[in-house]
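Numbering (the working numbering), first residue to last: 541 to 1119. Each remark here refers to the structure printed beneath this line.
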Amino acid sequence: MDSANSMESPPKYEASITPKDLEFEFNLFKTQLDSPTSQASPKSPIQTPFTSLEKIDNELRAFVVVETLPAWSPTRQEWFIMVSLSIISLMVALDTTILVGVLPSMAADLGGSSVDTFWTGTSYLLTSAVFQPVIASISETLGRQQLLLFSLFLFTIGSAMCGFAPSFQVMLGGRCIQGVGGGGIITLTQVIFCDIVPLRQRPTYFAMVLGTWSIGTILGPVIGGLITENTSWRWVFWINFPFCGLGLILAIVFVKLNSMAKLTLIEKLKRTDWIGAVLFIGGVTSALIGISWAGTQYSWTSPQVLVPLIIGLVTVVAFVFWERHVAPHSLLPISIFYCSSALAAFYCAFANGLVLLVALYYFPFYAMSVRGATAIKAGIDFFPCLFLCLPGSVMVAALTTRLGRFRWAIWIGWVIITIGSGLFILFDTNLKKPVMIAAQAVLGIGVGMVLTSVNVGVQAISKEEDSAMSASMYGFMRSLGMPVGIALGGTIFQNAMSAKLDSFHMPTSIAHDSESYVYELRRMTDGIEKTNILESYAHGFRGVFIFMTAVAGSGLLASLFIKKFNMNKALVSKYSART
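Written out as structure tokens, the structure is:
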């Protein structure tokens, strides 16, 4: 629906506009009025030159928050919604990390190669990322609760397919369906918080989701390791069933929202940009498949890589053209990319997701191969990074709400991430445990700080009416970084390990089955052959962690282009909690 209609219900927000702010805005517009170079824009009345103080006053009233409005606090129903979404998020977080330690066991049981195990993780991340903006956009018309229930249903079906999969083909199908559901849950959690919580208070209340997400992320590798060591790997999927059942009940009973627009089902379907959805999903998926195949299954210059990559990029260009010039109701408002600060913030989200998943995926693999750790021990060894994400996130959430500023946390967070990533380069066959713990602790704090601050920044930069879709795009970019990181990391690891094996005159086929070969390593006696293989593994991981550090540095550089924006924004949403 139009933004004008979304303002029919009284907004709820906290204001802190002072007379000095009003004076600053008045002088700003007066400067625009006096400037001979000021240009009128039919799309933005804020930029139009004024001819009277009355017009200036009207423009100020269009976006300045009135100082006397009461402070915001959640209603009972809004508390129910936020707690329910936090519990549902725990399930998705657990599933994101529980698989890391069981991949070697799964590969051995199903007779899969490193390519199969690679796609087991990547297929979930890919579909999760691609469908997030689409589900968020469709929920604008078809309803938040309805799409949340649909996402939970898909997640349940996907978990069942994976748990009973007789082959990797069925496993990959289940992971794709599971990814669509997981992506829907992630993005709708973000969007619903944007619907009911004003920006200034949003970091504090969204910390509940971050807390449960951290718990799930921390417990995932350990639970996965316990399952692998004591029972069948299939339990990593069967364990989802109780959570799925609870999630469906919570979504039906508590996550009830009223739409500001009263439309019939036919009207809702007509307002949904189905063509844009097909172009977006097809284009991004095709491009990601090309990137994922490159360097591991096929060379970068092979037709198998270039064809899907080119088709994907052309389709994405067609999608942008459709959204800007043809679509009557856009799937994604192009206005969310309206300034350089928005572009920089979205890149920071992408880089943060990439760094986090590269560390999350490759550290347990490093621990199980180079250090000879069990799946349980590998999960426990990653505790410092995952555990310290939460304090970093919560601290930033509290301070950004109190101070009304977010850039300081982005900058400090990226400095810390870059240092932590650099310490990962030291991981070799003789790594001392204090260095390993310190590197993870530093990285975890930085990732937590950036996770919250960039999320807040994206929404502060966006226009009020675009807040929900900007939050969804933040989730998409962060999730997009995850499969890209795994794909490029896999290419770097395999090539670096193969080169090292070749220098030792050993078969490079070991690098192509590196996950399943971990169990072969455990059966080998100490000697020059095993030492050379371990050195080759370590060399592969070093290349991955150098790549991770470079991306962290690029995130720090991009963050410097984010300008100052006000967090005291009106709550403009298309949905509200049902009373």
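The C-beta atom is built at its ideal place from N, Cα and C for all residues, glycine as well. Quick caveat: nothing in here was measured; it's all calculated off a predicted structure.
Between the C-alpha atoms of F1105 and V987 there is a straight-line separation of about 22 Å. Around the CB of Y1014, 16 or more other CB atoms lie within 10 Å, so the residue is classed as buried. Per DSSP, the unbroken alpha helix (DSSP H) holding S754 starts and ends at R742 to N770. The C-beta separation of F927 from G984 comes to about 7 Å, placing the pair in contact by the 8 Å criterion. Where S799 is concerned, there is no enclosing alpha helix (DSSP H), although the beta strand (DSSP E) around it starts and stops at L797 to S799.
Per DSSP, A918 has no beta-bridge partner at all.
Close CB contacts of S624 within its chain, under the 6 Å cut and outside five residues either way in sequence, are with L790, F794 and V795 (chain order).
The straight-line gap separating the alpha-carbon atoms of F781 and C734 is approximately 29 Å. In the DSSP assignment, T992 falls within the alpha helix (DSSP H) that extends over K973 to I1001.
Cβ-Cβ distances below 6 Å link F783 to M631 in the same chain, with the five nearest sequence neighbours on each side left out; the list follows chain order. Across the set I732, I952, G960 and E1075, the C-alpha of I952 shows the shortest separation from the C-alpha of L1100. Secondary structure at Y878: coil, using DSSP grouped into helix, strand and coil. Segment contact: the region 866-874 against the region 669-686, three or more CB-CB distances shorter than 8 Å; contact assigned. Pairing L930 with L750 gives a Cβ-Cβ distance under 8 Å. Taking all protein chains shown into account, V845 has 16 or more neighbouring C-beta atoms within 10 Å of its C-beta and is therefore buried.
The region 1079-1086 makes contact with the region 947-967, as at least three CB pairs between them are under 8 Å. Three or more Cβ pairs closer than 8 Å define a contact, and the region 874-888 falls short of that threshold against the region 1067-1078. Counting along the chain, E618 sits inside the alpha helix (DSSP H) bounded by residues R616 to I638. Spanning the alpha carbons of L849 and G1067 requires a straight line of approximately 44 Å. Between P761 and G919, the beta carbon gap of about 3 Å places them in contact (Cβ cut-off 8 Å). Within its own chain, the residues whose Cβ lies closer than 6 Å to the Cβ of F1033, once the five positions on either side in sequence are excluded, are G1080 and V1084, listed in chain order. Judged by DSSP secondary structure, Y838 falls outside any alpha helix (DSSP H); it is assigned neither H nor E. If the five residues before and after C925 are omitted, its C-beta is found closer than 6 Å to the C-beta atoms of Q980, L983 and G984, all from its own chain and listed in chain order. S1049 is the residue among S1049, W659, D813 and G1030 whose C-alpha sits nearest the C-alpha of S1038. Ranked by Cα distance from Q718, the options P1047, L900, F695 and I1026 are led by F695. Counting C-beta atoms within 10 angstroms of its own C-beta, T771 has fewer than 16 neighbours from the protein chains shown and is therefore classed as exposed. DSSP places V910 in the coil class of the three-state scheme, outside both helix and strand.
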